[in-house]
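The structure appears right after this line, and notes come after that.
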Amino acid sequence: QSVLTQPPSASGTPGQRVSISCSGSSSNIGTNTVNWYQQLPGTAPKLLIYSFYQRPSGVPDRFSGSKSGSSASLAISGLQSEDEADYYCAAWDDSLNVFVFGTGTQVTVL
Amino acid sequence: VQLMQSGAEVKKPGASVKVSCKASGYTFTGYYIHWVRQAPGQGLEWMGRINPNSGGTNYAQKFQGRVTMTRDTSFNTAYMELSGLRSDDTVVYYCARSPIVLAGTWYFDYWGQGTLVTVSS
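From first to last, the protein sequence lines stand for chains A and B.
All letters in the first sequence, in the order written, are residues -12 to 97 by this note's numbering.
All letters in the second sequence, in the order written, are residues 20 to 140 by this note's numbering.
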């Protein structure tokens, strides 16, 4: 059972904006940086956002991250069919001394 | 940058498995190698990391005593060995790279393709 909670699913039509929440605590998101990963079916995860809002080169600016207190969010604007994937937040937890991933959110493009 | 992992394995309960992760395209000793696993249809679970420069390791408590992470800098390769295999160790194991920074700022910018380990009698 992960200490980072995400909604199990999210959906939208092409062009819409979708937001995914990641709820944590003071020992993880409240203190440390948050990353977001995209995992397409049958492939390894891919880094989307690091240090809350930074994008690696090659990641479209349609993907954006933010943080508020002990929660973080990933927003996908201008949703595209290729965005159908599982999305995970992640952060180090100071209390558990472990790097934790969120429960994951499956994004569906209707 | 590439992380190339060894192929799928089938092991019997109680056995050990050793998965390799060969790095190329960057300075191997300049980045941590982490191991993350994922059960079929499930989420991601961090197992630990190794500093290829010093060989120093940091394991998740859940795997303490069962996991050993090593590296061979001559071959730019990291290894993860898991012993006492059980059926719930039937998962895909990934290696991933992070900058050598404090744990609170880790992020995994490159990943291996994954290695499926099946534990079955």
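No residue lacks a Cβ here, since even glycine has one placed at the ideal position from N, Cα and C.
The structure presented is a predicted model; accordingly, all values stated were derived computationally and were not measured.
Within chain B, partners of residue i - CB distance below 9 Å
i	result
Pro32/A	Val55, Gln57, Leu63, Tyr113, Ala115, Phe127, Trp130
Tyr75/A	Gly62, Leu63
Thr20/A	Gly123, Thr124, Trp125, Tyr126
Nearest residue (CA-CA) to residue i, options the options
i	options	result
Ser14/A	Ser38/A, Gly2/A, Gln25/A, Asp81/A	Asp81/A
Tyr45/B	Gly133/B, Pro118/B, Thr134/B, Ile69/B	Pro118/B
Ile97/B	Gly62/B, Gly33/B, Thr48/B	According to the sequence as given, residue 97/B is Ala; it is not Ile. It is Thr48/B.
Trp130/B	Lys30/B, His53/B, Ser25/B	His53/B
Gly2/A	Ile16/A, Ile63/A, Ser55/A, Tyr40/A	Ile63/A
Leu35/A	Pro28/A, Ser44/A, Thr0/A	Ser44/A
Thr89/B	Ser39/B, Tyr112/B, Gly133/B	Ser39/B
Thr92/B	Ala42/B, Ala122/B, Asp128/B	Ala42/B
Contacts of residue i in chain B (Cβ-Cβ under 8 Å)
i	result
Ser38/A	Thr124, Tyr126
Gly17/A	Under the 8 Å cutoff, chain B gives no residues; its nearest Cβ is about 11 Å from Gly17/A.
Thr107/A	This structure leaves residue 107/A out entirely; chain A is present only between -12 and 97.
Pro43/A	Asp128
Ser108/A	This structure cannot speak to residue 108/A, because chain A is shown only from -12 to 97.
Residue j beta carbon less than 8 Å from that of residue i
i	j	result
Gln(-7)/A	Ser8/A	yes
Tyr37/A	Asn19/A	no
Arg85/B	Leu101/B	yes
Val85/A	Gln80/B	yes
Ser53/A	Tyr40/A	yes
Leu27/A	Phe88/A	no
Pro(-5)/A	Thr92/A	yes
Proximal residues of chain A, C-beta to C-beta of residue i below 7 Å
i	result
Ala42/B	Result: empty, since nearest Cβ-Cβ is about 15 Å, beyond 7 Å.
Gly133/B	Ala31
Contact set between residue i and chain A, taken where Cβ atoms lie within less than 9 Å
i	result
Ala97/B	Under the 9 Å cutoff, chain A gives no residues; its nearest Cβ is about 16 Å from Ala97/B.
Ala79/B	Leu83, Asn84, Val85, Phe86
Chain-ordered chain B contacts of residue i [CB-CB under 7 Å]
i	result
Thr90/A	Gly62
CB contact below 8 Å: residue i versus chain E
i	result
Val110/B	In the displayed structure, chain E is absent; the protein chains listed are A and B.
- Item | Inside the region 18 to 68 of chain A only - beta strand (DSSP E) runs reaching at least 3 residues | Segments of the beta strand (DSSP E) lying fully in the region 18 to 68 of chain A: 22 to 26, 33 to 36, 50 to 55, 58 to 63.
- How about the region 22 to 29 of chain B and the region 61 to 80 of chain B: do they share at least three Cβ pairs that are nearer than 8 Å? no
- Task: Count the C-beta pairs between the region 47 to 63 of chain A and the region 26 to 40 of chain B that are closer than 8 Å, then say yes if the count reaches three, no if not.
- Result: no
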